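Novice:
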Amino acid sequence: MSINISADIIGAVKEKSPQFDLEEIIAKYRPIVSFRVKKSLGSHTPDWEDVVNEIMVNVLEKLHKREFRGDSSIGTFIFTITSRRIIDFIRQKSKVLKYAPEPNPYLSPYEHIENKERAESTAKAIEKLKPKYKKILYLYYYKDLSREEVAQKLGISTRRVSERVNYAQKLLRKMMKK
Amino acid sequence: MRKCKHEDLIDGYLLNKLSEEKKQEFEAHYFNCRVCFEKMAERDEMLTAIKYKGHTIFQDLETETEVERAPVLGQIWAFFTPKQWALAVATTAVLVVVALGVIPNLTTTSPQFFINDDLVRGSSIRLISPVIAVDTIPSQFRWESLGEDVEYKIELYNHELLWSATTSNHYITLPQEVKERMVTGEKYSWQVKAFSAEGTLIAVSSKVQFPVTK
């Protein structure tokens, strides 16, 4: 199935519900829905892109059928559709939900060349960070210690840990923009 | 980028540390909050790189940690160079030889023994006479000499202290008036204590009993 939603569906919804800027809705919510689906199903699940596509089509269909009445925000409306589809998918894949395999929470950067390149450049940027920021990222994200444990190990406050993590992120953002 | 109150949940969500309730709350939130979603996506990118490339990114820190975990013995070994270790071993060997030669000579002969349940540390005095039953009241008490400049204190007991005297000799003659107070058929005991010239107790004898038979 193609990732792009058929222009026919968009056209049909636009005709009936001209109040919605469908291109904007798709552009805004596809990344959010994709993130949620990958986080829930695991990026190793080959069907995740199909699931995202189904959700987006479902959103458009419901808008077309005027099922969105504005009782909640469009974000909450799409969130509900996404959650239901994820649950259905898991039920289909494993008959008993509680035995569903634990999804891999970390998305593999090697699915797409573009992702791989970004992961490589992020890694290089982290390597260039000052030792105190690098060490924070190492303990907190790589060694999976709690903020309290990191604070204790480095002899600083937990607030300071959060500040350093945020500042490291800020430095990386700057480095990645260059 | 402005701050949102839900931002603090980003790390917990990405690291799977939120409760199910908080997780769902945050998921519903980021569908409506562009700020949180963008920050989360950015952090996730960093986290993904760390999780997949961490072993190379943090190679130096991993080595550092391994050194921290290295056994104490390894750290001690790393403290000196092999040349310094050789010197240290040789020095220790010399010290051991010297110690083994000198220490036995320094050891003082200070036996320990019990008197009236009290542990006494020091030399003992061997009593010579009387130490067994006698048929007459003894005139003289004798013990082994501990050398010069020693003051001895003798104590003679019946049921209680009968007489006490001091002398620098290793014998003493019983005064007549004490002798007259002693009777046959009774049991007596005696003990000698030795003092240095400075008055320090240096030796004590056992308390020896001698019956005076009829």
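Protein chains in written order, with the numbering used here: chain L, -17 to 160; chain X, 2 to 215.
Glycine is no exception: its CB is placed at the ideal position from the N, C-alpha and C atoms.
These figures come from a predicted structure and were not determined experimentally.
Please report the straight-line C-alpha distance between E199 of chain X and E156 of chain X, rounded to a whole angstrom.
Specialist: So the two alpha carbons sit approximately 20 Å from each other.
Novice: Mind pulling the chain X residues with CB within less than 7 Å of S55 of chain L?
Specialist: N33, listed in chain order.
Novice: Could you tell me which chain L residues have their CB closer than 7 Å to the CB of I58 of chain X, listed as they occur along the chain?
Specialist: Chain L residues near I58 of chain X: A105, I108, E109.
Novice: CA-CA distance, K80 of chain L and I69 of chain L?
Specialist: Its pLDDT being 49, under 50, K80 of chain L is placed unreliably in this model, and the value from its coordinates should be taken loosely. Straight-line Cα distance between these residues: approximately 11 Å.
Novice: Which residues in the same chain as L202 of chain X place their Cβ atom closer than 8 Å to its Cβ, once the five residues preceding and following it in sequence are excluded?
Specialist: Excluding residues within five positions, the ones whose Cβ falls inside 8 Å are G123, K194, A195, F196.
Novice: Can you tell me whether DSSP reads V78 of chain L as helix, strand or coil?
Specialist: Only weak support is given to the placement of V78 of chain L: the predicted model assigns it a pLDDT of 47, under 50, and the value that follows is read from those uncertain coordinates. In this structure, V78 of chain L counts as coil in the three-state DSSP scheme.
Novice: Identify the continuous beta strand (DSSP E) that holds E181 of chain X and give its terminal residues.
Specialist: Careful: E181 of chain X lies outside any beta strand (DSSP E), inside the alpha helix (DSSP H) at 177 to 182.
Novice: Tell me K194 of chain X's beta-bridge partners as DSSP assigns them.
Specialist: K194 of chain X is bridged to X:K154, X:V205.
Novice: In terms of residues, what are the limits of the alpha helix (DSSP H) holding Y149 of chain L?
Specialist: Here the alpha helix (DSSP H) through Y149 of chain L covers 140 to 159.
Novice: Spell out whether any CB of chain L is found under 9 Å from the CB atom of T64 of chain X.
Specialist: False, the Cβ-Cβ gap to chain L never drops below 9 Å.
Novice: Kindly say whether D126 of chain L, judged by its beta-carbon, lies nearer than 9 Å to any beta-carbon of chain X.
Specialist: Yes, because at least one Cβ of chain X sits closer than 9 Å to the Cβ of D126 of chain L.
Novice: May I have a chain-ordered list of the alpha helix (DSSP H) segments no shorter than 4 residues that lie completely inside the segment -5 to 54 of chain L?
Specialist: Taking only runs of at least 4 residues, the alpha helix (DSSP H) segments lying wholly in the segment -5 to 54 of chain L are 4 to 23, 30 to 46.
Novice: Would you kindly work out how many angstroms separate the C-alpha atoms of E49 of chain L and V33 of chain L, rounded to a whole number?
Specialist: Between E49 of chain L and V33 of chain L, the C-alpha separation is close to 21 Å.
Novice: Take H171 of chain X and list the residues in its own chain whose beta-carbon comes closer than 6 Å to its own, dropping the five residues that flank it on each side.
Specialist: Answer for H171 of chain X: W144, S146, listed in chain order.
Novice: Going by DSSP, name the residue or residues bridged to V95 of chain X.
Specialist: BP columns for V95 of chain X are empty, so no partner.
Novice: On the three-state DSSP scale, how would you describe P112 of chain X?
Specialist: Here the model assigns P112 of chain X a pLDDT of 47, short of 50, so the residue's position is not dependable, and the following value carries that caveat. In the structure shown, P112 of chain X sits in coil (DSSP, three-state: anything other than H, G, I, E or B).
Novice: Please state whether DSSP places S146 of chain X in a helix, a strand or coil.
Specialist: S146 of chain X falls in the coil class under three-state DSSP.
Novice: Who are the Cβ neighbours of E109 of chain L in its own chain at under 8 Å, not counting the five residues just before and after it?
Specialist: If we look at E109 of chain L and ignore the five residues flanking it on each side, its Cβ neighbours are K116.
Novice: Determine, for T64 of chain L, whether the minimum Cβ-Cβ distance to residues of chain X falls below 9 Å.
Specialist: Output row for T64 of chain L: interface = yes.
Novice: Flag this pair as touching only if the segment 18 to 35 of chain L and the segment 51 to 69 of chain L have three or more C-beta atom pairs under 8 Å; answer yes or no.
Specialist: As far as the Cβ criterion goes, the segment 18 to 35 of chain L touches the segment 51 to 69 of chain L, which means the pair count is three or higher.
Novice: Under three-state DSSP, which class holds A134 of chain X?
Specialist: Three-state result, A134 of chain X: coil.
Novice: With a threshold of 9 Å between beta-carbons, can E43 of chain X be considered close to chain L, or not?
Specialist: Output row for E43 of chain X: interface = yes.
Novice: Can you tell me which of the three DSSP states S20 of chain X falls into?
Specialist: Coil at S20 of chain X, not helix or strand.
Novice: Step through the CB atoms of chain X and report whether any lies within less than 9 Å of the CB of K112 of chain L.
Specialist: Closer than 9 Å: no.
Novice: Closest Cβ-Cβ distance between T140 of chain L and chain X: below 9 Å?
Specialist: T140 of chain L does not count as touching chain X.
Novice: Kindly indicate the opening and closing residues of the beta strand (DSSP E) around L162 of chain X.
Specialist: It spans 162 to 168 - the beta strand (DSSP E) in which L162 of chain X sits, taken as one unbroken run.
Novice: Taking 9 Å as the CB-CB limit, is E28 of chain X close to chain L?
Specialist: True, the Cβ-Cβ gap to chain L drops below 9 Å.
Novice: Any idea if G52 of chain L is buried or exposed, counting beta-carbon neighbours within 10 angstroms, 16 or more meaning buried?
Specialist: Its Cβ having fewer than 16 others within 10 Å, G52 of chain L is exposed.
Novice: What's the C-alpha gap between L48 of chain X and K44 of chain L?
Specialist: Going from the Cα of L48 of chain X to the Cα of K44 of chain L covers about 35 Å.
Novice: Taking C-beta to C-beta, are T140 of chain L and A133 of chain L nearer than 9 Å?
Specialist: Taking 9 Å as the Cβ cut-off, T140 of chain L and A133 of chain L qualify as a contacting pair.
Novice: Under three-state DSSP, which class holds F27 of chain X?
Specialist: It is helical.
Novice: Can you tell me whether G55 of chain X is buried or exposed? The criterion is at least 16 other CB atoms within 10 Å of its CB, across all chains shown.
Specialist: Classification of G55 of chain X: buried, given that the 10 Å Cβ count is 16 or more.
Novice: So, with DSSP's three-state summary, where would you put L128 of chain X?
Specialist: In the structure shown, L128 of chain X sits in a strand (DSSP, three-state: E or B).
Novice: Please report the straight-line C-alpha distance between I60 of chain L and K135 of chain L, rounded to a whole angstrom.
Specialist: For I60 of chain L and K135 of chain L, the distance between alpha carbons rounds to 43 Å.
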